[in-house]
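Below is one structure, written out as structure tokens, with a few remarks after it.
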Amino acid sequence: MKITVLGATGQTGQHLVNQALQQGHTVTAVVRNPQKVTVHHENLKVVQADIFSADSLKPHFKGQDVIMSCLGFPASLFSGVTGYSLSMKAVVSAMRTTRVNRLITMTSWYTEPNSGAQSSLLIRFLLLPLIRSVLTNMHEMEQMLLKTEDINWTVVRPPGLRNLPYSAQEFLTHEGYFVPDSNGYPKGSNVARGDVARFMLSLLSSNAWVKKGVAMTTK
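Quick look at the structure:
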């Protein structure tokens with residue numbers, strides 16, 4: 096497939112680009128600073144664009160089969176985060192113009208404000224308040240996609256991320272804001288970035304999660 100990757104120089108994006116190339120896909124990596132891309136491959140094209148501008152993105156979306164986003168924006172304790180929703184507005188607009196219909200993007204567990212109620216005390220009272228600005232804007236982006244009927248989107252929600260390569264572990268998935276165990280409590284707390292990329296790429300051959308948000312982790 097022809098894949099455009101946003102956030103290609105991020106920690107998860109790098110895994111996604113490498114795995115996509117290994118699987119034989121043709122990848123267009125949209126980046127802010129091309130010098131940060133260290134991978135060289137005959138099926139990789141590195142381009143510079145403004146992720147907040149539909150006009151800047153359109154030339155790199157044209158003719159693609161799918162747009163995959165691993166964009167990330169830092170948390171802020173003093174102001175709101177807007178990068179997720181603003182960049183997605185530009186992405187959706189560019190997709191409509193170029194008639195690209197498939198979008199796979201990633202957010203996180205616990206984006207819905209009340210979904211962390213069953214998590215551990217450490218996560219509930221320390222981690223979630225620290226990253227609430229990020230989770231709030233991720234949720235705003237997710238709500239925007241829910242109203243986007245003309246794009247076949249999927250939101251992948253992983254838990255905490257470890258910068259590790261992919262494994263052969265089986266995926267656990269749930270249509271919600273975390274993966275529950277048999278008692279309804281969150282099952283696990285982190286996953287390898289390589290496995291998130293592996294899961295995102297697995298969606299290219301499946302329609303199971305089209306127009307849905309899917310929480311994932313590994314066994």
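Letter by letter, the sequence shown follows residues 96 to 314 in the working numbering. Ideal Cβ positions, reconstructed from N, Cα and C, are used throughout, including at glycine. Please read all numbers here as calculations on a predicted model, not as lab measurements.
Beta-carbon contacts of residue i that lie in its chain and below 6 Å, excluding the five residues immediately before and after
i    : result
H110 : R288, G289 and A292
Y179 : N232, M233 and M236
Close Cβ partners of residue i (< 7 Å) along its chain, the five nearest in sequence each way excluded
i    : result
R96  : For clarity, residue 96 is Met in the given sequence; the question names Arg instead. Answer for M96: H120, D160, V161 and L299, listed in chain order.
A144 : V125, S151, L152 and H155
Collapsed DSSP secondary structure at residue i in the structure displayed
i    : result
F273 : coil
L256 : strand
N247 : strand
R219 : helix
F266 : strand
R197 : strand
V125 : strand
P169 : coil
K282 : coil
T133 : coil
K306 : coil
A287 : strand
M96  : coil
T231 : helix
Q238 : helix
I146 : coil
S180 : helix
Closest residue to residue i among the options (Cα-Cα distance)
i    : options                   : result
N196 : S188, S171 and T202       : S188
I246 : S210, L198, T133 and A303 : L198
L181 : H234, G158 and M295       : H234
G167 : T268, T177 and M190       : T177
S228 : K314, P169, P254 and S215 : P169
S210 : H155, V125, Y280 and Q143 : Y280
F266 : R257, T312 and V134       : T312
Q117 : H135, K131 and R127       : H135
Presumed contact (8 Å Cβ cut-off) between residue i and residue j, rounded CB distance
i    : j    : result
R252 : W204 : 6 Å
V122 : L139 : 5 Å
V186 : S164 : 7 Å
V309 : T249 : 7 Å
Cβ-based neighbour list, residue i, same chain, cut-off 8 Å, excluding 5 preceding and 5 following
i    : result
G105 : C165, L166 and G167
M201 : T107, S164, C165, V250, V251, R252, P253, V291 and M295
>> With a threshold of 8 Å, are at least 3 pairs of Cβ atoms found where one atom belongs to the stretch 260-278 and the other to the stretch 215-225?
In response: no
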